[in-house]
DNA sequence: ATGGTAGGTTGCCTA
């Protein structure tokens with residue numbers, strides 16, 4: 374019954390004590406990290422390996438960066454999202470582990486709307502859809518776990534009007550996310566909690582957003598049909614966001630039955 | 001009331 378978690382840590386080195394405490398308490402079999410904000414060489418391997426995790430890292434200096442932690446051997450890593458050889462941002466790492474193909478995803482933010490960054494976001498999500506087509510051809514369960522930087526629906530944010538002009542909630546971004554669902558991916562959290570409001574994974578550092586619960590749901594676990602058939606539970610662990618030196622995101626998790 | 005916070009690297013960019 375593997376548990377798979379996704380956690381945007383906003384710097385692995387700034388978050389290391391919090392992350393280690395959370396891993397020890399929660400012990401998910403597979404963990405996808407985003408925004409590690411360092412190169413592979415600067416990644417704190419040893420303390421995480423000491424907790425019994427194998428590691429695959431795809432990093433870069435200062436920005437972005439993703440990693441996969443697994444209690445199972447990690448095979449067949451793919452660093453970088455296919456479809457644009459010019460793209461040098463470390464936002465996608467895929468591997469096969471514990472009988473599941475897992476991708477750690479950090480989609481572009483895309484603000485401000487109308488900029489080149491917004492165009493890059495939409496192009497990146499389209500590349501993810503194109504690669505998703507190939508992933509769904511495989512005879513393996515697949516989980517896309519990460520920070521998609523998309524608020525799928527109005528119930529996924531405290532104040533839809535406040536986000537109306539933001540790249541995370543623009544119709545183009547929501548359409549790109551829906552295209553993944555229509556392609557065959559299941560939003561694990563929403564599938565099991567269809568009408569729940571206030572299921573947030575991110576609260577801004579500014580303006581007391583966490584205290585006021587002004588959050589958004591932008592971290593998602595997308596399951597291929599073979600993975601969705603095994604979906605047992607999905608939940609958000611709000612605990613880490615409330616601790617001192619917290620990331621602005623909190624982990625989202627799901628449990629799959631043994632295959 | 002055009003701010004506020006946090007991270008990295010550097011003297012500013014990203015979220």
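In our numbering, the protein residues as written are 374 to 632.
Every residue gets a Cβ at the ideal spot worked out from N, C-alpha and C, and that includes glycine.
It should be emphasised that the depicted structure is a prediction, and the values quoted were computed from it without experimental measurement.
For a cut-off of 8 Å, the C-beta gap from residue 383 to residue 413 is around 18 Å, too long to register as a contact. By the criterion of a C-beta distance shorter than 6 Å, residue 484 is surrounded in its chain by 540, once the five residues flanking it on both sides are discounted. For a cut-off of 8 Å, the C-beta gap from residue 518 to residue 379 is around 4 Å, short enough to register as a contact. Pairing residue 527 with residue 473 gives a Cβ-Cβ distance that is not under 8 Å.
Residue range 385 to 399 is occupied by the alpha helix (DSSP H) that includes residue 399. Between the segment 564 to 573 and the segment 486 to 497 there are fewer than three inter-stretch CB-CB distances shorter than 8 Å, so the stretches are not counted as touching. Pairwise C-beta distances place the segment 585 to 603 out of contact with the segment 426 to 446, as fewer than three of them are shorter than 8 Å. Three or more beta-carbon pairs drawn from the segment 440 to 452 and the segment 421 to 429 are found closer than 8 Å, and the two stretches are therefore classed as touching. Put simply, of 522, 475, 502 the residue whose alpha carbon is nearest the alpha carbon of residue 588 is 522. Across the structure, residue 451 and residue 467 are spaced so that their CA atoms are roughly 5 Å apart. Pairing residue 418 with residue 618, the inter-Cα distance amounts to about 20 Å. Looking at the backbone, the Cα of residue 578 and that of residue 503 are separated by about 34 Å.
For residue 443, the enclosing beta strand (DSSP E) has its first and last residue at 439 to 443. Per the Cβ contact rule, the segment 392 to 404 is not in contact with the segment 453 to 465 (fewer than 3 Cβ pairs under 8 Å). Relative to the Cα of residue 600, the nearest Cα in the group 564, 622, 406, 582 belongs to 564.
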